[in-house]
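Some notes on the structure that comes next.
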Amino acid sequence: MHLYAHKLRFYTKITREGGIAVSENFRKIKKKYLTIAIVAACILGVCSGVAFTCTLAVVLKIYGVNFMWALYIPVAAALSAGAGALFFLILKPNDKRVAKKLDKDYKLNQKVQTMVEFAGAEGAMPALQREQTNDVLGGVAKKRADLKWLAKFAVVPVIALAMLFAGIFVPAKKSSGYEDPPFDMTDAQITALTNLITDVNGSELETELKGSAVNVLNELLEALKRAEQQSVMKATVISSVRFIDAMIAAENSYLNIDNVFKSDTQLALLSTAVVDSVVFYKNGPLISTMSAVNGKVEEADAQMLAVLKRWYEKFLKDYASAGQESENLTYLPVTEAAAKLNSFAYAFKIRLDDSRLSEYAPVVDGEGETVSAGDPLYNVYTALCERFENLAKEVLYDVSAGGYTDASFYNTLKGSVDESAAFTNAVIPVLTDQSYNCMMDEFIRNALARIFNINRNELGSNENVAPQPSEPLPSNPDDGASNGGYADGVHKYGSDDEILDVNTGEKKPYGSLINPDDKSQGTIYDKYYNRVLEYINEGACSQEVAEYIRQYFAYLSDGVKEEEKNAG
Amino acid sequence: MAKKTEKDNVTLTGETAPEEAAESVEINGGTTRTATDSSTDAEFARNTERVKAFSKSIATVKAELAKDVVGQKEIIDNVLIAIVAGGNVLLEGVPGVGKTRLVRSLGKTLGLPFSRIQFTPDLMPSDVTGTNVIEKGADGKMNTVFQHGPIFANLVLADEINRATPKTQSSMLEVMQEHKVTIAKQTYTLSEPFFVLATENPIEQDGTYPLPEAQMDRFIFKLIVEFPSVKELADIVNMTQITLDETANAVIDGPTVMEMRELAKSVPVIDDVLTYAVNLVSNSHPELEKTSETAKKYIKYGASPRAAQALITAAKVRALMNGNYNVSYDDIDALACPVLRHRIKVNYTAVNEKLGVDEVIGLLVQENKKLCR
Chain A
-5 MHLYAHKLRF YTKITREGGI AVSENFRKIK KKYLTIAIVA ACILGVCSGV AFTCTLAVVL
55 KIYGVNFMWA LYIPVAAALS AGAGALFFLI LKPNDKRVAK KLDKDYKLNQ KVQTMVEFAG
115 AEGAMPALQR EQTNDVLGGV AKKRADLKWL AKFAVVPVIA LAMLFAGIFV PAKKSSGYED
175 PPFDMTDAQI TALTNLITDV NGSELETELK GSAVNVLNEL LEALKRAEQQ SVMKATVISS
235 VRFIDAMIAA ENSYLNIDNV FKSDTQLALL STAVVDSVVF YKNGPLISTM SAVNGKVEEA
295 DAQMLAVLKR WYEKFLKDYA SAGQESENLT YLPVTEAAAK LNSFAYAFKI RLDDSRLSEY
355 APVVDGEGET VSAGDPLYNV YTALCERFEN LAKEVLYDVS AGGYTDASFY NTLKGSVDES
415 AAFTNAVIPV LTDQSYNCMM DEFIRNALAR IFNINRNELG SNENVAPQPS EPLPSNPDDG
475 ASNGGYADGV HKYGSDDEIL DVNTGEKKPY GSLINPDDKS QGTIYDKYYN RVLEYINEGA
535 CSQEVAEYIR QYFAYLSDGV KEEEKNAG
Chain B
215 MAKKTEKDNV TLTGETAPEE AAESVEINGG TTRTATDSST DAEFARNTER VKAFSKSIAT
275 VKAELAKDVV GQKEIIDNVL IAIVAGGNVL LEGVPGVGKT RLVRSLGKTL GLPFSRIQFT
335 PDLMPSDVTG TNVIEKGADG KMNTVFQHGP IFANLVLADE INRATPKTQS SMLEVMQEHK
395 VTIAKQTYTL SEPFFVLATE NPIEQDGTYP LPEAQMDRFI FKLIVEFPSV KELADIVNMT
455 QITLDETANA VIDGPTVMEM RELAKSVPVI DDVLTYAVNL VSNSHPELEK TSETAKKYIK
515 YGASPRAAQA LITAAKVRAL MNGNYNVSYD DIDALACPVL RHRIKVNYTA VNEKLGVDEV
575 IGLLVQENKK LCR
C-alpha cells in the first residue's frame, strides 16, 4: 500500500490544488518515444530481414546451390520478425531511458531523471521538483521528437540496400552438374548422322534388322532436329542406342545358347569357343568406321577357325595325348573312348533339349513341312550333337565285333570336328553373321557418341554382347608384319615404338596403352577422352579446335591407315 | 534570534501551525481526509513556501551585498553556498581586494555578529578562543571569569591565518570543526550558524606557516579573489569616496539561515550525479588501480572523502540558490575547483608543464565527463 501510495502520489497533483496529473507530460513524451521505437523497430526489422536474406541468396549463388526464389519470402518474413523484435527490445523506452534522453537533448539538468528516480518520494522538495519538471516538460511535449539518435541505425538500411543489389545482380555459379545448355543440331551433325544411316543401310545386316535400325536412326535424326536442350539430345541418343542394342540381342542367339551350355563342365569349352569367335574383334581397336567393320569381317574366318581349332585340340586331348614326341599319340582305349563320347553326346542332347533352347528349334507342321527353320547356330549345334551321338552308338555296336581300334576311333572322332569338317564349315558362317551384328552395333554406338560428343560410358555397357574373349586370341595368321601394338594389317599406328606407361613406369607397345577394352590400360584413353569431351561441352574451345581434337582421338582409337600414314 | 524587518523581508520561520478542529476536506477528487491530515497539509504548504522562498532570500542577500561589495559575484555566491552548507571558506587574495568588507557586509546582511582576527606570528591560542581571568567580585572575592575571545561570533574573519603559529592555527581549526571551545575543562558552544572565512596572503610567504593538508581539508571551499577589473576598480573608488562604511541592511537572520541549511539537505540527488561526484574525487588519486589518466600524470596526492561530502552538500545549496530543486552535473562541475583546489597536490610533471591545480582539476572534470556521463 505504501508503494502504491507513492506511485499514486506521483501521478496526482502534488500542489494540493486538484486537477490534472503532474506527469501527464512525461507520459505523453514517453508514448511518443514508444511510437517511434515501434516504427523504427519495424523498419529496421524489415531491413535486417532483407539484408540477411539477400546475404543468404548471395552465398547460395556463389556456391551454386539452387534455392527456389519463392522460399526466400517466408525466410525474409521470419528474419524480419525476429530482427524487429530484437530491435524493439533495444529501442523500447523505459522511464529511466526516456528521462535521460530528455535531460540530454533539452539540457534539463537532470530534472526529468530526478523526477523519475524520486517518483515515490514525499515531501515538499520532491513535490516541487516534480512540479517544476512537469512545467518544463510541457514545452518539450509540444515539440517534435528528436530523431537524431536513430542515425546510428542508418547503417542497417544501407546494408540492406547493398545486399539487395548484390542478391539480384551477383551471377549464380555455373554448375556443370545442373546446367542444361541449349542444343542446336549443326549441319555437320546432320551430315554425319545421315552418313551413318547410309552406312547402316549399305551394310550386310539382315534385311529386317537393317530396316529397323535405319528406322530408329531416321527417327533419331528427326527428333534431334527438334531438340532444344542438351539433356534432351543426350536422352534421345541413349534411348536409340539401347533400342538398337536390344534389336541386335534379339537377332543374335550365341549368348543365350552359351548360357545353357556353359554350366556343364564338358560343354563349357565348346560354348566359350563359340562366344570367343563372335567377339574376336574386341581384341582390336574400337569399331568406329564401316571400313573397320568390313576389315574385321574379312579376317573373321581365319580368326574363328583359329579359335575353334584351339577348342577341338583340347577336346581331342581327352581321347588321346601326345607322347614324348608330338607325333606319337597315346589313344584312349576304344571302349572307354566310346563310353566317354556317349556321355558327352548325352549331356549335349540334354542341354539341347533344355526348355530354354526350344524356341531356337525348327518348327515342323503336322505334314512334315518346315514352318520355321529354327536358329542357325542351334541347328549347327544339333548337327554336331547328332554326329557325336551316332558315332557313339556305332562304336558301341561295333566294339564287340572289333570294327574300331583305338586309333581308328580317334581319327573318326577327329574328322567330326576337324577344321575342314562339317562342323567348322557350318558354324563359322553362322558365327560370322552374329559377329557382324555385334560389330555393327558397336559401330553405331561409337559413331553416335562421336557425332554428339557423348561419353561412351554414358551410353551404358551393351549387356547383349560378351565383354571380352576369355582367352587371348591367337595372332592373326595373315599378319606377318605385326609388331608393337594391335595393328591389323590395314591400320597401323603412328609408329611401332614402345612408349612409357606413366602408371607403371614401364615401356609398352603403343597400342596396348590406348586399347579401350584393356581395363588396366585402356582407361587412359577413356579418362582423357571423356575429360576432353567435358571441356568441349563447356565451350572451352571453338568448334574448329574441337573438331581437331575429336579427329585426333579418332586416330588414336582407330589407328592411321597405311595409305594415310604414307601420305603424311 | 532572527530579526524581522518589514521592508523586503521574507519570513521563513516562526509560525507554528495552530491546532485545527476536526473537519472533512475533499481533496483530489473526493478523498475524505481528517483533521490530522490537515495539519500535515499545512506543514506541507509551509515547507513548500519555504523552498520557493529560498532562492528569493538568496537573491535578496546578494542584492544587499552588492551595495557594499563591487563585483566578486562568484566569490559571493560561493561564500553564501558555504554558509548555508555549514562549511568554512579559505580565501586567497592580495591585500585590498575586499575580503574584510565582504565578511562585514555579510554579517550585516545576515544580521549576525561579526568579528575579525588578524593573525600574527605572536598570536596565542587564548587570543583566539578567550581565556579565564581572575576578577574581584562585588563581594570582594576573587572569581575566575571566562573572557570570550573573538571567536565567539557567528561570522569570523581569520585574516592571514597562515601567519599564525601551528599551535594557534590548530586552536582555530578545532573551533571550526566542532563549533565548541574547551578551556579548563569547560566547554563553550558557539552559536549557530558559525562561519569562518580565513584568508591567506599569496605574496608574503616569508615567515608564514602554511596550513597542513589535513587542516586545509576543514575548509569546504578555497576561493581565489582576483584583482578587480578596471571598471570594478572605478566603481570601488567611487563608492568609497562617498563612505567607507557598509550600508547593507539585515534581510535575513540566523535561524533563517539554519532553516535554509535544513531545506538544502532535502534537495534530491540522483544516483548518476552522486556517482559522478564520487568518481571525480576517486579519480584524483593516482595510487588507485582504477583511476584517471590525469591523476596518474599530474597529481601527487588526491582529495579526501570530505571532498565528496563537500561537493554534494554544496551542490544541493547551489541548485536551490539557482531555483532548481535537484542537483545536476553542472552543479558538481561548477564546484569542482573550489572544493578540490586546496585538497589536491600536483606533482612536478604538472609544474614542469606549467599546469596549475585549477588546470589539472579542469582536466579531471573533462575526463570524468567522458567516463561517467
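Heads up: the protein sequence lines correspond to chains A and B, in order. Counting in my numbering, the first sequence runs from -5 upward without gaps. Counting in my numbering, the second sequence runs from 215 upward without gaps. All residues carry an ideal CB built from backbone N, CA and C; glycine is no exception. All values derive from a computational prediction rather than experimental measurement.
Straight-line gap, residue 131 of chain A to residue 113 of chain A (C-alpha atoms, nearest Å): As a position in the first sequence, residue 131 of chain A is number 137, starting the count at 1. As a position in the first sequence, residue 113 of chain A is number 119, starting the count at 1. Distance between the alpha carbons of residue 131 of chain A and residue 113 of chain A is about 15 Å.
Nearest residue (CA-CA) to residue 298 of chain B, options B:408, B:355, B:345, B:310: Stepping through the second sequence from its first residue, residue 298 of chain B is reached at position 84. Of B:408, B:355, B:345, B:310, the residue nearest in Cα terms is B:408.
Proximal residues of chain A, C-beta to C-beta of residue 481 of chain B below 7 Å: For the purposes of this step, residue 481 of chain B is taken as residue 267 along the second sequence, with counting starting at 1. Neighbours of residue 481 of chain B on chain A, chain order: 119.
Rounded separation between residue 327 of chain B and residue 421 of chain B - CA only: Taking the second sequence and counting its residues from 1, one reaches residue 327 of chain B at position 113. Taking the second sequence and counting its residues from 1, one reaches residue 421 of chain B at position 207. So the two alpha carbons sit approximately 31 Å from each other.
Simplified DSSP assignment, three categories, for residue 414 of chain B: Here residue 414 of chain B refers to the residue found at position 200 when the second sequence is read from its first residue. The answer is strand: DSSP assigns residue 414 of chain B an E or B state.
Sequence-distant residues of the same chain with beta carbon closer than 6 Å to residue 517 of chain B, five excluded per side: Here residue 517 of chain B corresponds to residue number 303 of the second sequence, with the count starting at 1. Closer than 6 Å at the Cβ level, and outside the excluded window around residue 517 of chain B, lie 495, 498, 554, 557, 558.
Same chain, Cβ closer than 7 Å to residue 481 of chain B, neighbours up to 5 away in sequence not counted: Here residue 481 of chain B refers to the residue found at position 267 when the second sequence is read from its first residue. Same-chain partners within the cutoff: 530, 533, 534, 539, 540, 541.
Neighbourhood of residue 44 of chain A by C-beta, 8 Å cutoff - its chain only, sequence neighbours within 5 removed: Your numbering for residue 44 of chain A matches position 50 in the first sequence. Answer for residue 44 of chain A: 70, 74, 154, 157, 158, listed in chain order.
Proximity test, Cβ basis, 8 Å: residue 272 of chain B and chain A: For the purposes of this step, residue 272 of chain B is taken as the residue at position 58 of the second sequence. No, its Cβ sits nowhere closer than 8 Å to a Cβ of chain A.
Integer Cβ distance of residue 351 of chain B from residue 363 of chain B, believed to fall under 8 Å: Taking the second sequence and counting its residues from 1, one reaches residue 351 of chain B at position 137. Taking the second sequence and counting its residues from 1, one reaches residue 363 of chain B at position 149. In fact, because the Cβ distance is near 22 Å, the residues do not count as touching under 8 Å.
Stretch-stretch touch, CB-based, cutoff 8 Å, three pairs: the region 377 to 389 of chain B with the region 334 to 349 of chain B: yes
Buried/exposed call for residue 305 of chain A, threshold 16 Cβ in 10 Å: Position 311 of the first sequence holds residue 305 of chain A. Label assigned to residue 305 of chain A: buried.
Three CB pairs or more closer than 8 Å across the region 293 to 304 of chain A and the region 372 to 381 of chain A: no
Other residues of its chain near residue 87 of chain A: CB distance less than 7 Å, five sequence neighbours each side excluded: To locate residue 87 of chain A, count along the first sequence from 1; it is residue 93. Only 24, 27, 28, 31 meet the Cβ criterion.
Own chain, CB closer than 7 Å to residue 338 of chain A, minus 5 neighbours either side, in chain order: Mapped onto the first sequence, residue 338 of chain A falls at position 344. Counting only Cβ-Cβ distances below 7 Å, and skipping sequence neighbours, we find 260, 382.
Spatially closest choice to residue 444 of chain A from A:111, A:174, A:152, A:190, by CA coordinates: The count along the first sequence starts at 1 and reaches residue 444 of chain A at position 450. Closest by alpha carbon: A:190.
Proximity below 8 Å, CB of residue 332 of chain A to CB of residue 417 of chain A: Along the first sequence, read from residue 1 onward, the residue named residue 332 of chain A stands at position 338. Along the first sequence, read from residue 1 onward, the residue named residue 417 of chain A stands at position 423. Not in contact: residue 332 of chain A and residue 417 of chain A (Cβ atoms no closer than 8 Å).
7 Å CB neighbourhood of residue 193 of chain A in its chain, flanking five on each side removed: Looking up residue 193 of chain A in the first sequence gives position 199. Result list for residue 193 of chain A: 284, in chain order.
DSSP three-state assignment for residue 599 of chain B, whether helix, strand or coil: Past the boundaries of the shown model lies residue 599 of chain B; chain B is included only from 215 to 587, so the question cannot be answered.
Span of the alpha helix (DSSP H) around residue 243 of chain A: Position 249 of the first sequence holds residue 243 of chain A. Counting along the chain, the alpha helix (DSSP H) containing residue 243 of chain A begins and ends at 224 to 245.
Partner residues on chain A for residue 538 of chain B, Cβ-Cβ distance less than 7 Å: By 1-based counting over the second sequence, the position of residue 538 of chain B is 324. Correct list: 103.
Chain B contact for residue 112 of chain A (CB, 8 Å cutoff): Mapped onto the first sequence, residue 112 of chain A falls at position 118. So yes, residue 112 of chain A belongs to the interface.
Residue 539 of chain B Cβ short of 7 Å to the ligand NAD heavy atom set: Inclusion of the ligand NAD in the displayed structure is not the case, the ligand content being empty and no account of it being possible.
Closer than 8 Å to chain B by CB, residue 96 of chain A: Within the first sequence, the letter at position 102 stands for residue 96 of chain A. It does not: the Cβ of residue 96 of chain A has no partner Cβ on chain B nearer than 8 Å.
Euclidean distance between Cα positions of residue 275 of chain B and residue 294 of chain B: By one-based count along the second sequence, residue 275 of chain B stands at place 61. By one-based count along the second sequence, residue 294 of chain B stands at place 80. Each residue's Cα considered, the two are about 9 Å apart.
Test: residue 122 of chain A CB closer than 8 Å to a CB of chain B: Position 128 of the first sequence holds residue 122 of chain A. It does: the Cβ of residue 122 of chain A has a partner Cβ on chain B nearer than 8 Å.
Other residues of its chain near residue 462 of chain B: CB distance less than 7 Å, five sequence neighbours each side excluded: Here residue 462 of chain B is taken as the residue at index 248 of the second sequence, counted from 1. These residues qualify, in order along the chain: 278, 279, 281, 282, 319, 322, 323.
Nearest-angstrom Cα separation, counted from residue 216 of chain A out to residue 184 of chain A: The residue given as residue 184 of chain A occupies position 190 in the first sequence. The residue given as residue 216 of chain A occupies position 222 in the first sequence. Using only the alpha carbons, I get a separation of about 10 Å.
Among A:499, A:448, A:436, A:441, nearest to residue 459 of chain A - alpha-carbon criterion: Here residue 459 of chain A refers to the residue found at position 465 of the first sequence. When each option's Cα is compared against that of residue 459 of chain A, the closest is A:436.
Nearest neighbour of residue 307 of chain B, chosen from B:391, B:374, B:267 [CA to CA]: For this step, residue 307 of chain B is matched to residue 93 along the second sequence. Among B:391, B:374, B:267, the Cα nearest to that of residue 307 of chain B is on B:374.
Boundaries (first-last residue) of the beta strand (DSSP E) holding residue 346 of chain B: The residue you call residue 346 of chain B lines up with position 132 of the second sequence. 344 to 350 is the span of the beta strand (DSSP E), which, as asked, contains residue 346 of chain B.
Residue-chain proximity (residue 489 of chain B, chain A), Cβ-Cβ < 8 Å: Taking the first residue of the second sequence as 1, we reach residue 489 of chain B at position 275. Taking Cβ atoms only, chain A never reaches closer than 8 Å to residue 489 of chain B, which makes this a no.
According to DSSP, residues forming a beta bridge with residue 435 of chain B: Translated into the one-based positions of the second sequence, residue 435 of chain B becomes position 221. Bridge partners of residue 435 of chain B: B:303.
For residue 386 of chain B, three-class secondary structure by DSSP: Start at 1 with the first residue of the second sequence, and residue 386 of chain B comes out as number 172. Three-state DSSP puts residue 386 of chain B in a helix.
When A:541, A:462, A:430 are compared against residue 292 of chain A, the one with the closest alpha-carbon: Looking up residue 292 of chain A in the first sequence gives position 298. Out of A:541, A:462, A:430, A:430 has the C-alpha closest to the C-alpha of residue 292 of chain A.
Buried versus exposed, by CB contacts within 10 Å (16 or more), residue 220 of chain A: The residue you call residue 220 of chain A lines up with position 226 of the first sequence. Flag for residue 220 of chain A reads exposed.
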